[in-house]
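S.K.: Let me give you the structure first, and then I'll get to my questions.
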Amino acid sequence: MRAWRLFRMVEADSALTGLGEEIVGGRWNSPGRPVVYAAGNLSLAVLEIMANVDYVTLQRDGYCYCSLDFPEEIVSRVSIEELPEDWRRPEHPCLRERGDRWLAEGRTAVLEVPSAVVPIEMNYLLNPEHEAFKGVVSGEAVRFEFDGRLVRCK
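Following the working numbering, the numbering of the sequence shown begins with 443 at its first residue and continues without gaps.
Rendered as structure tokens:
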């Protein structure tokens, strides 16, 4: 399987450590729990960043992307049908509970979850502390520039 990680260039050395998400938490994890977030395709990774970062930051900070390849047998899945109707609202507690439980159980290194931005597409949470994480193969980091047409200043 392949996922895509989009990250700020200044975070290149820690892009696969889960450090940022460990500090502040994410949609699917509480602070104190390292998780690497990735998307099922690069265009979804772009949308996820744009949904969470303001235009000035996008223009100021340089970004890179890399592919992440991993075997399907290290993946658990969460389907939309398993989630409450309002799961897409920001900071829904059931999502962090679900992600934290997955981390604590330690059965798999990767959790496939629906994207709140495009619910029919998938994001991937990777647990850098899981034994099987060492089997995740990262592609080379490539510079990414956001197309100015995507975000226009008003």
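Quick reminder that beta carbons are idealized off the backbone N, C-alpha and C, glycines included.
Looking at C-beta atoms only, is the number of pairs between the segment 494-501 and the segment 459-467 that lie closer than 8 Å three or more?
M.R.: no
S.K.: When you compare each of Arg-444, Thr-550, Pro-513 and Glu-582 to Glu-571 by their alpha carbons, which one comes out closest?
M.R.: Thr-550
S.K.: Exposed or buried, what is Glu-515 when buried is set at 16 or more other beta-carbons lying within 10 Å of its beta-carbon?
M.R.: Exposed, because fewer than 16 other Cβ atoms sit within 10 Å of the Cβ of Glu-515.
S.K.: Does Arg-564 pass the burial test, meaning 16 or more other C-beta atoms within 10 Å, or should it be called exposed?
M.R.: As written in the sequence, residue 564 is Met, which differs from the Arg given in the question. With 16 or more Cβ atoms within 10 Å of its Cβ, Met-564 is classed as buried.
S.K.: Is it buried or exposed for Arg-447, if we count other Cβ within 10 angstroms and need 16 for buried?
M.R.: buried
S.K.: For Trp-544, which residues from the same chain have a beta carbon less than 6 Å from its beta carbon, with the 5 sequence-adjacent residues on both sides left out?
M.R.: So the list reads Leu-553, once near-sequence residues are dropped.
S.K.: With distances taken Cα to Cα, identify the nearest neighbour of Phe-586 among Ser-485, Ala-445 and Tyr-479.
M.R.: Ser-485
S.K.: Under 7 Å between the Cβ atoms of Tyr-566 and Ala-445?
M.R.: yes
S.K.: Within 8 Å, do at least three Cβ pairs link the segment 466-478 to the segment 520-539?
M.R.: Counting C-beta pairs closer than 8 Å gives three or more between the segment 520-539 and the segment 466-478, which meets the contact rule.
S.K.: I'd like the span of the alpha helix (DSSP H) that includes Met-492, first residue to last.
M.R.: 484-494
S.K.: Who are the near neighbours of Tyr-479 in its chain, counting only those whose CB is closer than 7 Å to its CB and skipping five residues on each side?
M.R.: Glu-463, Gly-468, Asn-565 and Leu-567
S.K.: Would you mind giving the Cβ-Cβ distance between Asn-569 and Val-477, rounded to the nearest angstrom? I have them listed as a contact below 8 Å.
M.R.: 7 Å
S.K.: Going by DSSP in three states, Ala-481 sits in which element: helix, strand or coil?
M.R.: strand
S.K.: Within 10 angstroms of the Cβ of Ile-562, are there 16 or more other Cβ atoms? Answer buried if so, exposed if not.
M.R.: Exposed, because fewer than 16 other Cβ atoms sit within 10 Å of the Cβ of Ile-562.
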